[in-house]
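Heads up: the sequence shown begins at 16 in my numbering, then just goes up one per residue.
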Amino acid sequence: MGNTSPRPPALNQDSVDGVYTQRREDSCQNLSTSSSGRSFASVNSHQSTFSVSRPWSRVSRRRWKESTLTLPYESSKTAWPVSQIESFFLPEFPFRSEGKHFTNLGEINKGAFGKVYKVSDEKGTLYALKVLSKSKIIRENAVQQVKDEVRIQRVCGHHPFIVDCPFHWQSKKRLFIVSNYVAGGELYDLLKTYTVLPVALVKLYVAQLALALDFLHNAGVIYRDLKPENILLDASLNVQLIDFGLSKWLPYGKTTRTICGTFLYMGMKSEKMNARSQMFDLAVEGHQADEAVASIFHTVLFHRTHGKFLYSTEGSYSIGTIGYTDVDCDFIDLTYVCCSSKRLDETLKREISLFSEQLRGNEGTGMGQISLEFFQKKPRSRWLFQPESIPWEVWTVRLELITLASEGERQVYREQMGELLADKIFSIAEIMNRHDYLPKMPSQSELDLIFDTSYPDCQPYLFKVNYSISGPSSGSSVGSTVKKLIKETLAL
16 MGNTSPRPPA
26 LNQDSVDGVY
36 TQRREDSCQN
46 LSTSSSGRSF
56 ASVNSHQSTF
66 SVSRPWSRVS
76 RRRWKESTLT
86 LPYESSKTAW
96 PVSQIESFFL
106 PEFPFRSEGK
116 HFTNLGEINK
126 GAFGKVYKVS
136 DEKGTLYALK
146 VLSKSKIIRE
156 NAVQQVKDEV
166 RIQRVCGHHP
176 FIVDCPFHWQ
186 SKKRLFIVSN
196 YVAGGELYDL
206 LKTYTVLPVA
216 LVKLYVAQLA
226 LALDFLHNAG
236 VIYRDLKPEN
246 ILLDASLNVQ
256 LIDFGLSKWL
266 PYGKTTRTIC
276 GTFLYMGMKS
286 EKMNARSQMF
296 DLAVEGHQAD
306 EAVASIFHTV
316 LFHRTHGKFL
326 YSTEGSYSIG
336 TIGYTDVDCD
346 FIDLTYVCCS
356 SKRLDETLKR
366 EISLFSEQLR
376 GNEGTGMGQI
386 SLEFFQKKPR
396 SRWLFQPESI
406 PWEVWTVRLE
416 LITLASEGER
426 QVYREQMGEL
436 LADKIFSIAE
446 IMNRHDYLPK
456 MPSQSELDLI
466 FDTSYPDCQP
476 YLFKVNYSIS
486 GPSSGSSVGS
496 TVKKLIKETL
506 AL
């Protein structure tokens, strides 16, 4: 009534984009014109101006299309951010308020983070649906583990002996992973029923597993949890590998250093499988055993000991200095350097003396080995049988006692043993200078997990000494070779 001006026609998408483009071209002449209904601040906002030339800075549920980057109007729309508990699992788990429709046919299994159900889709195809709790996964710090599991299974699932994962998504509180349903059950059940399988069937399963693992290794994946419970059998009784929760993407040339898997299927010595190890073989006489072992272990500890850590804040610290001293051997022509820590020296002497006394008391002539093992303690974990400590470096001296008949032979061997140990000490220094694995420098709260803080004047990495004694040596031993060399030297 009060306004007789004709009403402008409604704008469709093409006209909006055309008006907007025209306004941007004319903006230098008349920035106040806004026939498109958009304000000056909106047209010239930081988001709309640079959205074409740079990626979005926040995680969003928007589904980007080519038009988003080519049409200014589309690119200027606000990218609403998602919640943190949702962004944790992106992009592997896209958000869906309503997932695919499946019919629940019953529970199959139950795990640490959720349950597995047998389901069918609208076409009647059977699947295994794993429903996981987000809160439990985040609480156990297993977000990356779950994301890796889905990525590995999705990328490698086209292999005939690996279970595929065609669908996976998330809701506000849960993750959903849909895998192909394998009807034959676990290999564990087959072994439990029949105990002994035919040799031909065993060969077939070993070959199929080898092909599956070789395929994973070529893809850069280490499986790390091979056991009968994780091997399913399809309708034709062919193997199907499942459960990639402990699998790991591994770059070429890298190694794993984490002990994981199922405790019942680990070998007796598997706790040292990831530890770097060095071994020295020596033939010694009598009290040379104490000095030979002490020279090697003290040299190693000299490189594996720091001064006391002094923390000013949780993440800031300084390292004190440690003294060193020269040690002259009585039964070997050798001088070596060690830390001048009285308590550290007493600890080593006590352990080495127990070993050498048993070695010498083993019918006079025998063999034994003693190891200096560095380890780090494990914090409390959700794994039921997680070991309390993980070795990361083991130095072993394998000794054989020999008996020399004369003082001349002892003098010759005293010099030869000195030269031999000097070479081994130099080799230790070369090994220490390589850029090999060491535990990370800890925060103040983690200090006791990596270093032994009980010493008043130094702080070595956590270590322990282990030893074992074997029976009398045979005639074709290192000791026999040493005796022959001594006799040849005296004959010159």
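In this text, a Cβ means the ideal position worked out from N, Cα and C, and glycines have one as well.
Under the three-state reduction of DSSP, Val97 is assigned to coil, being neither helix nor strand.
In this structure the region 229-241 does not lie against the region 144-160, because fewer than three pairs of beta carbons, one per stretch, are closer than 8 angstroms. Look at Glu408 here: in three-state DSSP terms it is strand. Per DSSP, Met447 is one residue of the alpha helix (DSSP H) stretching across Glu422 to Met447.
Runs of the beta strand (DSSP E) lying entirely within the region 295-334, each at least 3 residues long, are 324-328 and 331-334 in chain order. For the beta strand (DSSP E) assignment, the uninterrupted runs of no fewer than 3 residues enclosed by the region 113-200 are, from N- to C-terminal side, 118-125, 129-135, 141-148, 182-185 and 189-195. Glu388 sits in a strand when the DSSP states are folded into three classes.
With a cut-off of 8 angstroms on Cβ pairs, the region 250-269 is in contact with the region 168-179, counting three or more such pairs. In this model, Tyr482 and Glu101 are separated by some 52 angstroms (Cα to Cα). By the neighbour-count criterion, in which a residue is buried when 16 or more other Cβ atoms sit within 10 angstroms of its Cβ, Lys145 is buried.
The region 451-460 and the region 302-309 do not touch, with fewer than three beta-carbon pairs separated by less than 8 angstroms. Comparing alpha-carbon positions, the option among Phe191, Thr411 and Val197 lying closest to Lys162 turns out to be Phe191. Around the beta carbon of Ala234, fewer than 16 other beta carbons lie within 10 angstroms, which makes this residue exposed. Contiguous beta strand (DSSP E) elements confined to the region 216-273 occur at 246-248 and 254-256, taking only those with 3 or more residues. Remark: C-beta atoms of Cys473 and Ile337 approach each other more closely than 7 angstroms. Distance check between Ile367 and each of Ser356, Lys207, Lys479 and Leu241 places Lys479 closest, using alpha-carbon atoms only. In this structure, the CA atom of Lys130 is about 11 angstroms from the CA atom of Arg189.
A buried status is given to Glu107, since no fewer than 16 other beta-carbon atoms sit within 10 Å of its beta-carbon. By the Cβ neighbour-count rule, Pro213 is exposed, with fewer than 16 other Cβ atoms within 10 Å of its own. Under the DSSP assignment, Ile484 falls in the beta strand (DSSP E) whose first and last residues are Phe478 to Ile484. In the same chain as Val315, and ignoring 5 residues on each side of it, the C-beta atoms closer than 7 angstroms to its own belong to Leu387, Trp410 and Ile443, in chain order. The C-beta distance from Gln223 to Val197 rounds to 13 angstroms, too long to meet the 8 angstroms contact threshold. Taking C-beta atoms as the reference points, Met432 and Ile347 count as a pair closer than 7 angstroms. If you ignore the 5 residues before and after Leu265, its C-beta comes within less than 6 angstroms of the C-beta of Gly235 and Ile237, all in its own chain and listed in chain order. Closest in alpha carbon position to Thr208, among Met447, Tyr476 and Pro243, is Pro243. Annotated as proximal: Ile465 and Pro457, with beta-carbon spacing under 7 angstroms.
For Thr340, DSSP records a beta bridge to Cys353. When beta bridges are read from the DSSP output, Ser292 appears opposite Val409. Distance from the Cα of Gln99 is smallest, within the candidate group Leu141, Ser186 and Gly126, for Ser186. In this model, Arg358 and Lys364 are separated by some 10 angstroms (Cα to Cα). For Phe370, DSSP assigns no beta-bridge partner whatsoever.
Listed in chain order, the non-local C-beta contacts of Asn245 below 6 angstroms within the same chain comprise Ile257 and Asp258, local neighbours out to five positions each way being set aside.
No Cβ-Cβ contact shorter than 7 angstroms links Ile167 with Ala298. For Lys207, the uninterrupted alpha helix (DSSP H) run begins and ends at Leu202 to Tyr209, by DSSP.
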